[in-house]
Amino acid sequence: MTRSGALFNFTETSDACIKCGKCIPVCTIHNVNADEVTSPRGFIDLLGAYQRGDLELDRNAKAIFESCFLCTNCVDACPKALPTDMIIEQVRADIADKYGIAWFKRAFFYLLRHRMTMDMLFKLGYVFQTCGFKIKAEINSMQPRFSLPLIKKDRLLPSMGKTSFLNAHPENIPNGGQRRVAIFIGCLANYNYTEIGKGLLEILEALKIDAFIPKKQLCCGAPAYFTGDFATVDHNAKKNIVYFESFIDEVEAIIIPEATCSAMIKVDYEHFFHDQPEWLARAQKLKGKIFMATEWLEQKTQLKALLASKGRSDLSVTYHDPCHARKMQGVYKEPRALVGQNYTITEMSDSNACCGFGGVTMQTENFHFAQAAGRPKAAMIAQSGARVVTAECSACRMQINNALNEANVDVVFKNPIELIAQALRGNSR
Ligand code: SF4
Ligand code: SF4
Numbered sequence: 000m001t002r003s004g005a006l007f008n009f010t011e012t013s014d015a016c017i018k019c020g021k022c023i024p025v026c027t028i029h030n031v032n033a034d035e036v037t038s039p040r041g042f043i044d045l046l047g048a049y050q051r052g053d054l055e056l057d058r059n060a061k062a063i064f065e066s067c068f069l070c071t072n073c074v075d076a077c078p079k080a081l082p083t084d085m086i087i088e089q090v091r092a093d094i095a096d097k098y099g100i101a102w103f104k105r106a107f108f109y110l111l112r113h114r115m116t117m118d119m120l121f122k123l124g125y126v127f128q129t130c131g132f133k134i135k136a137e138i139n140s141m142q143p144r145f146s147l148p149l150i151k152k153d154r155l156l157p158s159m160g161k162t163s164f165l166n167a168h169p170e171n172i173p174n175g176g177q178r179r180v181a182i183f184i185g186c187l188a189n190y191n192y193t194e195i196g197k198g199l200l201e202i203l204e205a206l207k208i209d210a211f212i213p214k215k216q217l218c219c220g221a222p223a224y225f226t227g228d229f230a231t232v233d234h235n236a237k238k239n240i241v242y243f244e245s246f247i248d249e250v251e252a253i254i255i256p257e258a259t260c261s262a263m264i265k266v267d268y269e270h271f272f273h274d275q276p277e278w279l280a281r282a283q284k285l286k287g288k289i290f291m292a293t294e295w296l297e298q299k300t301q302l303k304a305l306l307a308s309k310g311r312s313d314l315s316v317t318y319h320d321p322c323h324a325r326k327m328q329g330v331y332k333e334p335r336a337l338v339g340q341n342y343t344i345t346e347m348s349d350s351n352a353c354c355g356f357g358g359v360t361m362q363t364e365n366f367h368f369a370q371a372a373g374r375p376k377a378a379m380i381a382q383s384g385a386r387v388v389t390a391e392c393s394a395c396r397m398q399i400n401n402a403l404n405e406a407n408v409d410v411v412f413k414n415p416i417e418l419i420a421q422a423l424r425g426n427s428r
């Protein structure tokens, strides 16, 4: 597939940068690799030079552009809101065109396009471990400079449920109500953290809202988007849009207990289809019904009041703001408002700091950067004194669990949906 044309002109973005440096102190990669070329201002400068033909997209430039975490901290801090993250997403497609995509990432993205194959591998216990992360064992044996903490301790890998969420429940779950919502579950919650979906079903049952679990949903495409595999994004996004359209008028919303999937469908589909007008219009039409799960539950239901009628726990909880929730979708009050009904929230010093997950390339070839970015997050979680850290994002969960484990911090990670379901069961202690 020929990839989409550029959404942003690199030279125009570079010319618009006033070099004020306000983005630099907040930049996740610059904080762990203090070099001008690995800063938002540096990336923008280099991309301008690349578009003017003054910079070759050689392996050094490739490594530089693959070091960005796409955390969007810089966009928030920039007085001109320059879209550094998005122009880096664009250049990664050029990198993929020029250098191809590593075989293990291609295998992983193939699975993201083929749910049935993914299901079969899942039954054998290979999903994500083989294709996304355990593969690092092989990379490490070939290139000893890469570290491999994810496979050293079982706790660091998402535990594999026996049946995926999508295969464990019927498509329609009537709860005797007048309202109906669809659930988009996301790959990690479907295969690995299945308690999230189970908890969401319990919450909808308590609220008497019918649940619809669309069985043909595909991966949102975010892992491929951040890696420059635009063919996979194009495939999955179009399949999902066509499928969502087939039931969208029969549900109030599509709720998603995962920040990255929600941001991808609600925000990034629109960016991706900017030069495909028909698909852009279809993505835009759907976005009004896409919500993060806590966002919809807090804004559109009586869940808060229901939780208030339940007992309080003495468990202290600290909330990490996923970049794709707070910065991309403005969702940060809602999970706190719900969780705060039954648990004491103890804020960490910088809940908005990126955890350092960064995507598939960051978690494999650039894992040393992910580790470095995870250390301060683990330290602030420990300093909060909370016994549980929560965030509505399973990518953050993998990264934070690993960082906590490396720092020997004994704090448990739960999705807010799991904590809320636990409170409704009356065992929030
Ligand atoms: S997206 Fe994050 S890591 Fe990338 S340049 Fe911006 S602040 Fe730095
Ligand atoms: S904050 Fe914006 S304008 Fe200032 S140096 Fe960074 S990218 Fe350029």
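Position 57 (the sequence shown) corresponds to 56 in numbering that gives the first Met the number 0; numbering is contiguous.
Glycine is no exception: its CB is placed at the ideal position from the N, C-alpha and C atoms.
Can you name, in chain order, every residue of its own chain whose Cβ lies under 8 Å from the Cβ of residue i, other than the five neighbours on each side?
i: K104; result: T226, D228, V359, T360 and T363
i: D14; result: G47
i: L111; result: M117, C186, L217, C218, G220, P222, A223, T231 and N235
i: A307; result: Q340
Does the Cβ of residue i have 16 or more other Cβ atoms within 10 Å, making it buried, or fewer, making it exposed?
i: F132; result: A caution first: F132 carries a pLDDT of 47, below 50, which makes its placement in the model unreliable, though a value can still be read off. F132 comes out buried.
i: K376; result: buried
i: R179; result: buried
i: E297; result: buried
i: D84; result: buried
i: A429; result: As displayed, the chain neither begins before 0 nor continues past 428, which places residue 429 out of reach and without an answer.
i: R91; result: buried
i: Y350; result: Strictly speaking, residue 350 in this sequence is Ser, with Tyr absent from that position. When all chains shown are included, S350 counts as buried.
i: F412; result: buried
i: D44; result: buried
i: T389; result: buried
i: F290; result: buried
Starting from the C-beta of residue i, find all residues in its chain whose C-beta is less than 7 Å away, skip the five residues before and the five after it, and write them out in chain order.
i: K61; result: I94 and Y98
i: T10; result: G47, Q50 and R51
i: E251; result: R178, R179 and V180
i: P78; result: C19 and K21
i: L403; result: A377, I380 and V410
Cutting at 6 Å between CB atoms, please list the residues of its own chain near residue i, excluding the five before and the five after it.
i: F198; result: Correcting the residue type first, residue 198 is Gly in the shown sequence and not Phe. Once the five neighbours on either side are set aside, the close Cβ partners of G198 are I416, E417 and A420.
i: V408; result: A377 and A381
i: W278; result: F272
i: A440; result: The structure shown does not extend to residue 440, since the chain is modelled only from 0 through 428, so no value can be given for it.
i: S383; result: T317, T345 and M347
i: K207; result: N174, G175 and G176
For ligand 3, is there any heavy atom lying closer than 8 Å to the beta carbon of residue i?
i: V359; result: In terms of ligand content, the structure shown lacks ligand 3 and carries ligand 1 and ligand 2 instead.
Can you pull the DSSP bridge partners for residue i?
i: M291; result: I255
i: V411; result: V387
i: F211; result: N171 and A181
i: T317; result: V388
i: T343; result: S315
The segment 362–382 in contact with the segment 324–340 per 3-pair CB rule at 8 Å:
Contact fails: fewer than three Cβ-Cβ distances are below 8 Å.
| Sufficient close CB pairs (3 or more, under 8 Å) joining the segment 212–222 to the segment 284–302 | Taking 8 Å as the limit for Cβ pairs, the verdict is that the segment 284–302 does not touch the segment 212–222.
query: Taking contact to mean at least 3 C-beta pairs separated by less than 8 Å, is the segment 292–311 in contact with the segment 238–248?
result: Verdict: no, contact absent.
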